Amino acid sequence: MFTGIVQGTARVVSIEEKSNFRTHVIQLAPELLSGLAPGASVAHNGCCLTVTSIEGDRVSFDLMRETLRLTNLGQLQEGDMVNIERAAKFGDEIGGHMMSGHIMCTAEVVRIQVSENNYQIWFRLADEALMRYVLHKGFIGIDGISLTVGEVTRGRFCVHLIPETLSRTTLGQKRLGHHVNIEIDPQTQAVVDTVERVLASKQANDATHED
643 MFTGIVQGTA
653 RVVSIEEKSN
663 FRTHVIQLAP
673 ELLSGLAPGA
683 SVAHNGCCLT
693 VTSIEGDRVS
703 FDLMRETLRL
713 TNLGQLQEGD
723 MVNIERAAKF
733 GDEIGGHMMS
743 GHIMCTAEVV
753 RIQVSENNYQ
763 IWFRLADEAL
773 MRYVLHKGFI
783 GIDGISLTVG
793 EVTRGRFCVH
803 LIPETLSRTT
813 LGQKRLGHHV
823 NIEIDPQTQA
833 VVDTVERVLA
843 SKQANDATHE
853 D
């Protein structure tokens, strides 16, 4: 599990294409290497990956074809930066919201508004059906960052970013047409699905009684 509080960024230093998957290697800062071992989970742009090997500050990860298809990790090139979060431990402060590291889809950056003391990015989900889980003031994971949803319109939503988020993550480097990984808040999803089932059941019962 993860908290959505990005601990830093890391550069992709090499990518090796293999049959149906790829291996990429990132260069981790010393503070993120402490206690890291093969088999550990590390989120890259919010996607949970498993450490396969460690050589000094170079850490390797294997990405399966489904991961490359569903996330923006398949678009990475050598030299690109990714947001990094080590897996949460019991007793850690939950500064964001609980996240699984399982990406549901990507979203395209469709608008960026910058004004004094305000940085706003608008996104369009690749899977529009998931918009029912994107609620005003609700939680959402964007490239591994726990954020609060701002305005929501048909098919689009925005987030407001503070300078600290811009400096600690890769979001400030995003441009129009770039894609980010999206993880829907599981509690929001559970509530929405439950309400939809209850309403559907009620409508079905009402229709039966009318007959």
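In our numbering, the protein residues as written are 643 to 853. We put the CB at the ideal spot given by N, CA and C, even for glycine. Treat the numbers as computed from the prediction; the structure is a model and nothing was measured.
- With at least 16 other beta carbons inside 10 angstroms of its own, Asn-823 counts as buried.
- Annotation for Ser-809: no beta strand (DSSP E) segment contains it, though the alpha helix (DSSP H) segment containing it runs 805-810.
- Within a 10 Å sphere around the beta-carbon of Ile-804 sit fewer than 16 other beta-carbons, which makes this residue exposed.
- For the pair of segments examined, the stretch 749-763 was found to touch the stretch 811-823: the number of CB pairs separated by less than 8 Å reaches three.
- The alpha-carbon of Ala-652 is positioned some 18 Å away from that of Pro-680.
- Counting C-beta atoms within 10 angstroms of its own C-beta, Leu-767 has 16 or more neighbours from the protein chains shown and is therefore classed as buried.
- If you compare the alpha carbons of Ser-757, Leu-710, Asp-785 with that of Val-648, the shortest gap goes to Asp-785.
- When the Cα atoms are used, Phe-799 and Val-776 turn out to be separated by approximately 8 Å.
- In this structure, the alpha-carbon of Ser-809 lies about 14 Å from that of Asn-759.
- By the criterion of at least three beta-carbon pairs nearer than 8 Å, the stretch 659-675 is in contact with the stretch 695-713.
- Inter-residue distance for Ser-683 and Gln-845 is about 44 Å (C-alpha atoms, whole angstroms).
- Following the DSSP letters along the chain, one finds Glu-673 inside the alpha helix (DSSP H) bounded by residues 672-675.
- Looking from the CA of Met-741, the closest CA among Glu-825, Ser-656, Gln-831 belongs to Glu-825.
- In this structure, Met-706 is the residue among Gly-780, Met-706, Asn-847 with its C-alpha nearest to the C-alpha of Cys-690.
- Scanning Leu-678, Gln-755, Ser-757 for the CA closest to the CA of Ala-730 turns up Leu-678.
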